[in-house]
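A.B. asks: Here the protein sequences come in this chain order: A and B. Take 28 as the starting number for the first sequence in the numbering used here and just add one per residue. Take 28 as the starting number for the second sequence in the numbering used here and just add one per residue. A virtual CB, placed ideally from N, CA and C, is assigned to each residue, including glycine.
Number of protein chains: 2
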Amino acid sequence: MADKIAIASDHAAVDLKAALAAWLREAGHEVVDLGPATADSVDYPDYGYKLAEHVASGQADKGVALCGSGIGISIAVNRNPGCRCALVSDGLSARLSREHNDANVIAMGARLIGIDTAKDCLSAFLTTPFGGGRHQRRVDKLSNPENVKEPA
Amino acid sequence: MADKIAIASDHAAVDLKAALAAWLREAGHEVVDLGPATADSVDYPDYGYKLAEHVASGQADKGVALCGSGIGISIAVNRNPGCRCALVSDGLSARLSREHNDANVIAMGARLIGIDTAKDCLSAFLTTPFGGGRHQRRVDKLSNPENVKEPA
Chain A
28 MADKIAIASD HAAVDLKAAL AAWLREAGHE VVDLGPATAD SVDYPDYGYK
78 LAEHVASGQA DKGVALCGSG IGISIAVNRN PGCRCALVSD GLSARLSREH
128 NDANVIAMGA RLIGIDTAKD CLSAFLTTPF GGGRHQRRVD KLSNPENVKE
178 PA
Chain B
28 MADKIAIASD HAAVDLKAAL AAWLREAGHE VVDLGPATAD SVDYPDYGYK
78 LAEHVASGQA DKGVALCGSG IGISIAVNRN PGCRCALVSD GLSARLSREH
128 NDANVIAMGA RLIGIDTAKD CLSAFLTTPF GGGRHQRRVD KLSNPENVKE
178 PA
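(1) Provide the residue span of the beta strand (DSSP E) that contains L149 (chain B), from first to last.
(2) Between the stretch 97–109 of chain A and the stretch 53–64 of chain A, are three or more C-beta pairs nearer than 8 angstroms?
(3) Would you mind listing the beta strand (DSSP E) stretches within the stretch 84–124 of chain A that are 3+ residues and don't spill past its ends, in chain order?
(4) Using a Cβ cut-off of 8 angstroms (strictly closer), state whether C112 (chain B) contacts chain A.
(5) For the stretch 142–170 of chain B, which residues have a beta carbon sitting closer than 7 angstroms to at least one beta carbon of chain A?
(6) Flag H56 (chain B) as yes if its beta-carbon sits less than 8 angstroms from any beta-carbon of chain A, otherwise no.
(7) Compare the C-beta of N105 (chain A) with all C-beta atoms of chain B and state if any pair is closer than 8 angstroms.
(8) So, are the CB atoms of L149 (chain B) and V91 (chain B) less than 8 angstroms apart?
(9) Assuming E57 (chain B) is part of the beta strand (DSSP E), what are its boundary residues?
(10) Short of 8 angstroms in beta carbon distance, which residues of its chain neighbour S116 (chain A), apart from the five on each side in sequence? Order them along the chain.
(11) What would DSSP say about V69 (chain A), mapped onto helix, strand or coil?
(12) Please report the Cβ distance between N107 (chain A) and A79 (chain A), rounded to the nearest whole angstrom; I am assuming they are in contact, meaning their Cβ atoms lie under 8 angstroms.
(13) Closer than 6 angstroms by C-beta to L43 (chain A): which residues in its own chain qualify, once you throw out the five before and the five after it? Chain order, please.
(14) How would you label L73 (chain A), buried or exposed, when you count the other beta carbons within 10 angstroms and need 16 or more for buried?
(15) Sort out for me which residues DSSP pairs S36 (chain B) with in a bridge.
(16) How would you call D67 (chain B), buried or exposed, if buried means at least 16 neighbouring beta carbons within 10 angstroms?
(17) For A130 (chain A), would you say it is in contact with chain B, using Cβ-to-Cβ distances shorter than 8 angstroms as the test?
(18) Starting from the beta carbon of G62 (chain B), find every residue of chain A whose beta carbon is closer than 9 angstroms, and list them in chain order.
(19) Tell me where the alpha helix (DSSP H) around A48 (chain B) begins and ends.
(20) My understanding is that V82 (chain A) touches C110 (chain A), with C-beta atoms under 8 angstroms, so please give their C-beta distance in whole angstroms.
(21) Comparing the C-beta of S15 (chain A) with each C-beta of chain B, is any distance below 8 angstroms?
(22) At 8 angstroms on the CB atoms, spell out the chain A contacts of H127 (chain B), in chain order.
(23) Would you tell me roughly how many angstroms separate the C-alpha atoms of P178 (chain A) and A49 (chain A), rounded to the nearest one?
(24) Out of B:I34, B:K89, B:L47, state which residue places its alpha-carbon closest to the alpha-carbon of Y71 (chain B).
As structure tokens, then:
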């Protein structure tokens, strides 16, 4: 199943971004590289917000967000209630992010994860279906933070 | 240095929450347990939003967010622009989340992380100072998503 996938990073992750983009294209996916194009220093929130808007607006089916640790860009993407971004470093987490959270963006840390583990995570992210059921109610609450009442 | 720490979870992580709360209190921290009190099924966004509000409003200095994988509750906490929540599974990530991202909430997955690794992450999270400098500008952008212009 080919998806349209948007990918973005900061300067620390441009090499991983290029490697994963090439690998995804080889697998038949349409990949939109939202930058940056060089390793010149940039701010991860700029690219996280750009990616989030791309996915939330439906211009891409899914997103891949990369920075040095994955932490900064995952925070940025999750500022957008249309995105559910899972920061992962192993395939099981990537699978659970789809089954339980219907994640539409995956984040990874280029300075912390090896290329084959990153591919394993991405593969699980792209092939695992959402579980639905009780998980749907929780995912709906992530889309509408303002409507959720505080528990007692 | 004693902090006031808020902690919250879903049903999958009540045992880890109790263990970490006891360990933090023993270390001299003031801990506010925002629930849930039992292992009855709840929705992680409810507790994530509650914790986020507690930290963003200054009622606690830092927060600890736990669910089965850590993914769902970390997404929920990051809906609040006053929180920078890092989902971690190792001490290095926890340290980097403070140095680079000035994280004020740490998330972990109770079904994925062992108790001693969780304590190691929490220890790094509580003792590592923010690096400031170029990181400050990026952190500021995480607090004000609406003011960030899209990169070219």
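C.D. replies: Concretely, from the data shown:
(1) Residue mapping note: residue 149 (chain B) aligns to position 122 of the second sequence, counting from 1. From DSSP, L149 (chain B) is part of no beta strand (DSSP E) but of the alpha helix (DSSP H) over 142–154.
(2) no
(3) 89–94, 112–114
(4) Position 85 of the second sequence holds residue 112 (chain B). Output row for C112 (chain B): interface = yes.
(5) R164, R165, K168, L169
(6) Numbered from its first residue, the second sequence carries residue 56 (chain B) at position 29. Judged by the 8 angstroms Cβ criterion, H56 (chain B) is not in contact with chain A.
(7) Numbered from 1 along the first sequence, position 78 holds the residue referred to as residue 105 (chain A). Taking Cβ atoms only, chain B reaches closer than 8 angstroms to N105 (chain A), which makes this a yes.
(8) Position 122 of the second sequence, counting from 1, holds the residue named residue 149 (chain B). Position 64 of the second sequence, counting from 1, holds the residue named residue 91 (chain B). Yes, they are a contact pair.
(9) Mapped onto the second sequence, residue 57 (chain B) falls at position 30. Start and end: 57–60.
(10) If you number the first sequence from 1, residue 116 (chain A) lands on position 89. The residues are G97, M135, G136, L139, I140, T144, C148.
(11) By one-based count along the first sequence, residue 69 (chain A) stands at place 42. V69 (chain A): coil per DSSP, three-state reduction.
(12) Here residue 107 (chain A) refers to the residue found at position 80 of the first sequence. Here residue 79 (chain A) refers to the residue found at position 52 of the first sequence. The Cβ separation is near 4 angstroms, so the contact holds.
(13) For this step, residue 43 (chain A) is matched to residue 16 along the first sequence. Within the same chain, L43 (chain A) has close Cβ partners L93, A137.
(14) For this step, residue 73 (chain A) is matched to residue 46 along the first sequence. Correcting the residue identity first, residue 73 (chain A) is Asp in this sequence and not Leu. Buried, because 16 or more other Cβ atoms sit within 10 Å of the Cβ of D73 (chain A).
(15) Position 9 of the second sequence, counted from the first residue, corresponds to residue 36 (chain B). DSSP lists B:L93 as partners of S36 (chain B).
(16) Within the second sequence, numbered from 1, the residue matching residue 67 (chain B) stands at position 40. That one is exposed.
(17) Along the first sequence, one-based indexing puts residue 130 (chain A) at 103. Taking Cβ atoms only, chain B reaches closer than 8 angstroms to A130 (chain A), which makes this a yes.
(18) As a first step, residue 62 (chain B) is located in the second sequence; it is residue number 35 there, counting from the start. Within chain A, the residues near G62 (chain B) are P178, A179.
(19) Here the question's residue 48 (chain B) lines up with position 21 in the second sequence. From DSSP, the alpha helix (DSSP H) with A48 (chain B) extends over 41–53.
(20) On the first sequence, position 55 is the one that residue 82 (chain A) refers to. On the first sequence, position 83 is the one that residue 110 (chain A) refers to. Right, the Cβ-Cβ distance comes to about 6 angstroms (below 8 angstroms), so this counts as a contact.
(21) The requested residue 15 (chain A) does not occur in the structure, where chain A is confined to residues 28 to 179.
(22) Stepping through the second sequence from its first residue, residue 127 (chain B) is reached at position 100. Near H127 (chain B) (Cβ distances below 8 angstroms), the residues of chain A are G95, S96, I98, G99.
(23) Along the first sequence, read from residue 1 onward, the residue named residue 178 (chain A) stands at position 151. Along the first sequence, read from residue 1 onward, the residue named residue 49 (chain A) stands at position 22. The straight-line gap from Cα to Cα measures roughly 46 angstroms.
(24) Indexing the second sequence from 1 puts residue 71 (chain B) at position 44. The shortest C-alpha separation from Y71 (chain B) is found at B:I34.
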